[in-house]
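Protein chains in written order, with this note's numbering: chain A, 1 to 214; chain B, 1 to 465.
What follows is a single structure, written as structure tokens, with notes after it.
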Amino acid sequence: MSDDRAHILAAVAASLARRPTRTPRPDYDPAVATARGRLTGGDLLADLRRNFEAAAGSWLTSPAALAGCLREHGAHAGYCDPALPAEIRAALTAAGLACAGHVVRADIEALDFAVTRATAAIAETGSLVLTDADTPDRLTAIAPWIHVAVLDPATIRASLADMLASLPDDPNIVFVTGPSQTADVEGILIRGVHGPGVQCCLPMDSHRSQETAT
Amino acid sequence: MSTQRLDAHAAALDARVRNAVTAGTLATHRNRRRIFGEDYADSDALRAAGAAIRQHALDHLDEYLPAAEAALVAHGVRVHYARDARRASDVVLDILRAAGVTRVVKAKSMVSEEAGLAARLAGAGISCVESDLGELIVQLDGDHPSHIVRPIIHRDRAGIAATFARHGLGDHDEDPQTITLRARRFLRERFFSAQASLSGANFVSAESGRVVVLTNEGNNRFGAAAAPLHVVVTSIDKVVPTDRDLGVLLALLPRSATGQRATTYVELIGGPRPANRPSGPEVVQVVFVDHFRSDILGSEWHEILRCIRCGACMNACPVYREASGHAYRGVYPGPLGAVMEPLLGDAAHYAERVDLARASSLCGACADVCPVQIPLPDLLVRHRARATRERLAAANAATPPMGGYAFLASSPRLWGLALHASRLLRFVPLARLRIPLLSAWLATRTLPDWRGGRFRAYMRRRRGG
Chain A
1 MSDDRAHILA AVAASLARRP TRTPRPDYDP AVATARGRLT GGDLLADLRR
51 NFEAAAGSWL TSPAALAGCL REHGAHAGYC DPALPAEIRA ALTAAGLACA
101 GHVVRADIEA LDFAVTRATA AIAETGSLVL TDADTPDRLT AIAPWIHVAV
151 LDPATIRASL ADMLASLPDD PNIVFVTGPS QTADVEGILI RGVHGPGVQC
201 CLPMDSHRSQ ETAT
Chain B
1 MSTQRLDAHA AALDARVRNA VTAGTLATHR NRRRIFGEDY ADSDALRAAG
51 AAIRQHALDH LDEYLPAAEA ALVAHGVRVH YARDARRASD VVLDILRAAG
101 VTRVVKAKSM VSEEAGLAAR LAGAGISCVE SDLGELIVQL DGDHPSHIVR
151 PIIHRDRAGI AATFARHGLG DHDEDPQTIT LRARRFLRER FFSAQASLSG
201 ANFVSAESGR VVVLTNEGNN RFGAAAAPLH VVVTSIDKVV PTDRDLGVLL
251 ALLPRSATGQ RATTYVELIG GPRPANRPSG PEVVQVVFVD HFRSDILGSE
301 WHEILRCIRC GACMNACPVY REASGHAYRG VYPGPLGAVM EPLLGDAAHY
351 AERVDLARAS SLCGACADVC PVQIPLPDLL VRHRARATRE RLAAANAATP
401 PMGGYAFLAS SPRLWGLALH ASRLLRFVPL ARLRIPLLSA WLATRTLPDW
451 RGGRFRAYMR RRRGG
């Protein structure tokens, strides 16, 4: 195997030596990649909401709205990260939804929904950013039909370029833009292939969360 | 008169397949154009940045490949190298055997298609299920993907429903929603019971060692969350210098591939899961595969390595639309494949595949849409030139003999004489000559009178006056 390494690196070096010139590092403005019209230059939360909804995400404005959304989709039981503000679980329980604070792998298939924390979001693309640091179990964020990401608006980045310039040190960073989908069959868009068919976002600022938690 | 293999394939193509391919490519082609128009005042500036980033990365692969390796190792990832596709399969098989793995789920990896990895694993008693919906359908059928982004672009829903019914995934049902739900159910237990997940990489950042994997279905997110071992099989050309550079490529790729602003799941894999988390791989291994990339890097086709596998060139190509991806006889179809496939083997392989370079009218539609500005028509012409130089018979099939023309056109005096002499053709009953190509052409057309040489006379007078 190390033999292959030496072989490949030598072949790469030999090939590059045959080339008359090498392209220098390009000097470009990262903003060249930012799509126009996706950011209004004003409220990032409003931009995120518009672009998140354009990507078929479900935007929720309160724990009560979340409970309503889950009921509407016929959900009965799910998971709610115990580290999240207590009022979320309270709203879900009040609406008659069973809400586990811990799940083992064998029970994940039985979950209708999961509520976990998003680490950040990208307003330009309407994406949620999930990491291992803030997702107690990756499977809860991918297996149930409904995933709800609770987002602190202070963590929203304007553009994809901004997000990439400040990535957290985490072994698994995922940008999620809308529900799981495919257009493999005749180009027809179908939601909910292997991941959630419904992707929700519930913004709650961390200041308020802490007050509620204490 | 001989024909090219691609033409023969196209002529025999099932009308259902042709319709599916034409409709699928045209729709994606339009979506691509619409979203670039909406989102960028000057998308060429973005494409130029993408081209420069990729070319710079390739031109410094001797630095960036070891840098990527060092960053991966620093994050606890085991790195392997494989000089060719066969070795890549050996390496993956060794990894899986050492871990006692018998059940694998696999997301898309183009280079593992080159290696025929899934079949190789099956031969070694390791079940390997494709988790992308299109790839799964192709696998069930023992078929091959016909498009790099939409593997079943050649299939319609009736055919897919028949496949599912045949393999016990439910009674015949052509509803795409039902087909998708059945695939979801079918894959669930396989995700949960897999001992390893495999994937390719769209990009690898040399700066951070992050492996970037894009899926719309979430199949790799699921696979890599459920299994304790994740193996990435990717080619050495996927390395990009920095995380910042990913911004440009992640803007170009989904728009070019599917007309989306962002792929649903963009995963940045930075190593094994934290010790306090129950899901995600305890072990991550990356296999860098060369398989002729290092040769291409020093060749007159080196620009093809910039490719970010969006498939826009095949969606734009009138030949691909008529002939379908299987006509290209390899992993990579369309203009990309016509350039790439001949290069993925030895001289005999080159002679066998370089006819693909003729499968183009050189209209340039592919270069117009390429997000990293690969001069695809130029690269095709370079193949044609080499095929002619090396007198490769298959590559030149159905090409009229050009020796006489070349002889005349290389001398201005002879050329002028020939033009004047050609006026004599007026008195020759061309249609009655038994020249198959000529009579076929004249069967539905008439030629204007030959007036050769007048333009040259006109130009001479102008210059003189």
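The beta-carbon is built from N, C-alpha and C at its ideal position, and this holds for glycine as well.
(message) Can you list, in chain order, the residues of its chain with a C-beta nearer than 7 angstroms to that of M163 of chain A? Leave out the 5 residues immediately preceding and following it.
(response) The residues A120, I122, V129 and R157, in chain order, have a CB closer than 7 angstroms to that of M163 of chain A in the same chain once the five nearest residues on each side in sequence are set aside.
(message) Along the region 152 to 163 of chain A, where does the CB come closer than 7 angstroms to a CB of chain B? Name the residues.
(response) Closer than 7 angstroms at the C-beta level to chain B, one finds these residues of the region 152 to 163 of chain A: L160 and A161.
(message) Just to confirm before moving on: does the CB-CB distance between A201 of chain B and V239 of chain B stay below 7 angstroms?
(response) Not closer than 7 angstroms, so no.
(request) Report the neighbours of R184 of chain B on chain A: residues whose CB is nearer than 8 angstroms to its CB, in chain order. (result) Chain-order list of chain A residues neighbouring R184 of chain B: G192, V193 and H194, by C-beta distance under 8 angstroms.
(request) Run the CB neighbour count on S209 of chain A, radius 10 Å, all protein chains shown included, and call it buried at 16 or more, exposed below. (result) Residue placement at S209 of chain A is flagged as unreliable, the pLDDT there being 48, under the threshold of 50; the coordinate-derived value follows with that caveat. Around the beta carbon of S209 of chain A, 16 or more other beta carbons sit within 10 angstroms, so the residue counts as buried.
(message) With three or more C-beta pairs closer than 8 angstroms as the rule, is the region 337 to 350 of chain B touching the region 279 to 288 of chain B?
(response) No, the region 279 to 288 of chain B is not in contact with the region 337 to 350 of chain B.
(message) Can you tell me whether C363 of chain B is helix, strand or coil according to DSSP?
(response) When secondary structure is reduced to three states using DSSP, C363 of chain B falls in the coil class, being assigned neither helix nor strand.
(message) Quick check on Y81 of chain B - is its C-beta less than 7 angstroms from some C-beta in chain A?
(response) Y81 of chain B has a beta carbon lying within less than 7 angstroms of a beta carbon in chain A.
(request) Ignore the nearest five residues each way along the sequence and tell me which others in G50 of chain B's own chain have a CB closer than 7 angstroms to its CB. (result) So the list reads V248, L249, L252, P371 and V372, once near-sequence residues are dropped.
(request) Would you list the one or two residues that DSSP bridges to Y265 of chain B? (result) For Y265 of chain B, which the question treats as bridged, DSSP gives the partners A:V176 and B:T215.
(request) Within 10 angstroms of the Cβ of W145 of chain A, are there 16 or more other Cβ atoms? Answer buried if so, exposed if not. (result) Burial state of W145 of chain A is buried, judged by a 10 Å Cβ sphere holding 16 or more other Cβ atoms.
(message) Output needed for F222 of chain B: all residues of its chain with C-beta closer than 6 angstroms, excluding positions within five of it in sequence on either side, in chain order.
(response) Excluding residues within five positions, the ones whose Cβ falls inside 6 angstroms are F191.
(message) By the DSSP assignment, the alpha helix (DSSP H) with S439 of chain B in it spans what residues?
(response) Its alpha helix (DSSP H) spans residues P436 to L442.
(request) Rounded to whole angstroms, what's the CA-CA distance from D44 of chain B to A33 of chain A? Just pull it up for me. (result) Taking the straight line joining both Cα atoms gives about 11 angstroms.
(request) Could you tell me whether the region 346 to 355 of chain B touches the region 391 to 398 of chain B, using the rule of 3 or more Cβ pairs below 8 angstroms? (result) Touching, per the Cβ criterion.
(message) Tell me the rounded alpha-carbon separation between G125 of chain B and T102 of chain B.
(response) Distance from the CA of G125 of chain B to the CA of T102 of chain B, rounded to the nearest whole angstrom, comes to 7 angstroms.
(message) If you follow the alpha helix (DSSP H) that Y64 of chain B is in, where does it begin and where does it stop?
(response) Looking at the DSSP string, the run of the alpha helix (DSSP H) that includes Y64 of chain B is L61 to A74.
(request) Note down, in chain order, all residues in the region 46 to 60 of chain B with a beta-carbon under 7 angstroms from any beta-carbon belonging to chain A. (result) Flagged, chain order: L46, A49, A52, I53, Q55, H56, D59 and H60.
(request) Following the continuous alpha helix (DSSP H) through P203 of chain A, name the residue where it begins and the one where it ends. (result) Element bounds for P203 of chain A: not the alpha helix (DSSP H) but the beta strand (DSSP E), V198 to P203.
(request) Report yes or no: do the region 314 to 324 of chain B and the region 22 to 29 of chain B share at least 3 C-beta pairs separated by less than 8 angstroms? (result) Touching, per the Cβ criterion.
(message) Cutting at 7 angstroms between CB atoms, please list the residues of its own chain near G416 of chain B, excluding the five before and the five after it.
(response) Answer for G416 of chain B: G453 and R456, listed in chain order.
(request) Give the single residue among B:G404, B:S146 and B:R54 whose Cα lies nearest to the Cα of V331 of chain B. (result) For V331 of chain B, the nearest C-alpha among the options comes from B:S146.
(message) Nearest by alpha-carbon distance to I374 of chain B: which of B:A431, B:F186, B:E303 and B:Q195 is it?
(response) Out of B:A431, B:F186, B:E303 and B:Q195, B:E303 has the C-alpha closest to the C-alpha of I374 of chain B.
(message) I'd like the span of the alpha helix (DSSP H) that includes S89 of chain B, first residue to last.
(response) Start and end: A85 to A98.
(message) Here's the rule: buried if 16 or more other CB atoms are within 10 angstroms of the residue's CB, otherwise exposed. What is H172 of chain B?
(response) Exposed, since its Cβ has fewer than 16 Cβ neighbours within 10 Å.
(message) Tell me the DSSP secondary structure of E130 of chain B in three-state form.
(response) Reduced to three states, the DSSP call for E130 of chain B is strand.
(message) Spatial neighbours of H80 of chain B within its chain, please: C-beta separation below 8 angstroms, excluding the five flanking residues on both sides.
(response) Sequence-distant Cβ neighbours of H80 of chain B in its own chain, meaning closer than 8 angstroms and more than five residues away, are V91, I95, Q285, V286, V287 and F288.
(request) Taking C-beta pairs closer than 8 angstroms, name the residues in chain A that V248 of chain B reaches, listed in chain order. (result) Near V248 of chain B (Cβ distances below 8 angstroms), the residues of chain A are Y28, P30, V32 and A33.
(message) If I follow the unbroken beta strand (DSSP E) through F292 of chain B, where does it start and stop?
(response) If you look at F292 of chain B, you'll find it isn't in any beta strand (DSSP E); DSSP assigns it neither H nor E.
(message) I'd like to know if L44 of chain A contacts chain B, where contact means its C-beta is closer than 7 angstroms to some C-beta of that chain.
(response) By the rule that beta-carbons nearer than 7 angstroms mark a contact, L44 of chain A does not touch chain B.
(message) Please report the distance separating the alpha-carbon of S8 of chain B from that of S361 of chain B.
(response) According to the sequence displayed, residue 8 of chain B carries Ala and not Ser. Distance between the alpha carbons of A8 of chain B and S361 of chain B is about 17 angstroms.
(request) Taking only beta-carbon positions, decide if I146 of chain A is within less than 7 angstroms of chain B. (result) Closer than 7 angstroms: no.
(message) Considering only the alpha carbon of each residue, which of B:I35, B:Q4, B:A48 and B:R293 lies closest to T23 of chain A?
(response) The shortest C-alpha separation from T23 of chain A is found at B:A48.
(request) Tell me where the beta strand (DSSP E) around A77 of chain A begins and ends. (result) Counting along the chain, the beta strand (DSSP E) containing A77 of chain A begins and ends at A77 to C80.
(message) Taking the alpha helix (DSSP H) that I146 of chain A belongs to, which residues open and close that run?
(response) Boundaries for I146 of chain A: no alpha helix (DSSP H) harbours it, while the beta strand (DSSP E) harbouring it runs I146 to L151, taken from the DSSP string.
(request) Identify, in the order they occur along the chain, each residue of the same chain with its Cβ nearer than 6 angstroms to the Cβ of S159 of chain A, setting aside the five sequence neighbours on each side. (result) T34 and E124.
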